[in-house]
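Below is one structure, written out as structure tokens, with a few remarks after it.
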Amino acid sequence: MIINSARFVVSNPTVGKCPADTRHEYAFIGRSNVGKSSLINMLAGNRSLAKTSSTPGKTMLINHFLVNDSWYIVDLPGYGFAQRGKSQREQLEKMIRGYILNRAQMTNLFVLIDSRHKPMKIDLKFFNWLGENGVPFAIVFTKLDKLGTQAGKRNVEEYCRILLETWEELPPVFLTSSETGRGRDEILDYIEQLNSLPVGSDTGE
């Protein structure tokens, strides 16, 4: 897929205020500081599209970006940012769950994982919640450039092995680097395949 245009459209605090549109939406989520904004900018071919920050947990709203005037990238708040207060964490969780469960236009959720780290309970719990609710999702390992080729391969294989202890099969898995552009074509090709389906259909993942 060739990206000809990508632009910010709107930020919203609840799913009910998201665009009244029937285009496919592809949401991106992960723990704070996983490199979500950098990955979105890499996919869109625009380094200034999603705001990056050295301070984790800056995304507080549901952000819509229109790509090629035909589908949306949706930037969701990160989860598991401990420095937020309890009420703020609960508010963000409600926002995230509301979007994921109630937004019919969300065709796939890309869950980002830092390839340098071992599985964390919060990630495994989130995966299980997605499975229990039948949410179509893919796993995106980020920051592969920070590891050597063999170390990166070992980390990803070990992560997937642990997931397979409780999952019969894995969702699609993508290996990426926002620095080198690794994984960009694979993710965009996957999105292009899903764009051929009717909005709101079951992808079967």
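Going by the numbering used here, the sequence shown opens with residue 52, and the numbers climb by one from there. Glycine is no exception: its CB is placed at the ideal position from the N, C-alpha and C atoms. Treat the numbers as computed from the prediction; the structure is a model and nothing was measured.
Hey, residue i and residue j: beta-carbon distance below 8 Å or not?
i: F161; j: F192; result: no
i: N114; j: S62; result: yes
i: V118; j: E76; result: no
i: I164; j: M157; result: no
i: P187; j: N159; result: yes
i: I147; j: Y123; result: no
i: L215; j: F178; result: no
i: M111; j: I242; result: no
i: L94; j: R205; result: no
i: S229; j: S89; result: yes
i: K176; j: G86; result: no
Closest to residue i by CA distance: which of the options is it?
i: Y210; options: S166, I173, T227; result: S166
i: L127; options: N179, D120, V66; result: V66
i: D29; options: S247, I80, V125; result: Here the chain comprises residues numbered 52 to 256, so residue 29 is not present and cannot be evaluated.
i: A101; options: A57, K137, K169; result: A57
i: K197; options: E208, I213, G182, T231; result: T231
i: L181; options: G203, G149, K169; result: G149
i: G203; options: S247, V250, R233, A95; result: R233
i: A155; options: L143, A189, A71, N84; result: A71
i: F116; options: E141, V250, I190, V60; result: V60
i: G185; options: S247, Q139, G251, K145; result: G251
i: T227; options: I238, E219, E220; result: I238
Specify the secondary structure class of residue i as computed by DSSP and reduced to three states.
i: D236; result: helix
i: M93; result: helix
i: V61; result: strand
i: M157; result: strand
i: L245; result: helix
i: V125; result: strand
i: N55; result: coil
i: G251; result: coil
i: V85; result: coil
i: L143; result: helix
With 16 as the cutoff for other CB atoms within 10 Å, does residue i come out buried or exposed?
i: P64; result: exposed
i: N55; result: exposed
i: S121; result: exposed
i: T217; result: exposed
i: G108; result: Here G108 scores only 47 on pLDDT, less than 50, and its place in the model should not be relied on; the value that follows carries that caveat. Looking at its Cβ environment, which holds 16 or more other Cβ atoms inside 10 Å, G108 is buried.
i: P222; result: buried
i: T106; result: Confidence at T106 is low in this model, with a pLDDT of 46, below 50, so its placement is unreliable and the value that follows should be read with caution. Looking at its Cβ environment, which holds fewer than 16 other Cβ atoms inside 10 Å, T106 is exposed.
i: T200; result: exposed
i: M171; result: exposed
i: N92; result: buried
i: T73; result: exposed
i: R212; result: exposed
i: K169; result: exposed
i: P249; result: exposed
Less than 7 Å separating the Cβ of residue i from some heavy atom of the ligand GDP?
i: N84; result: Absent from the structure shown: the ligand GDP. Ligands present: none.
Whole alpha helix (DSSP H) runs in the stretch 150-229 with 4 or more residues, listed along the chain? The stretch 150-229 contains these whole alpha helix (DSSP H) runs: 172-183, 200-214.
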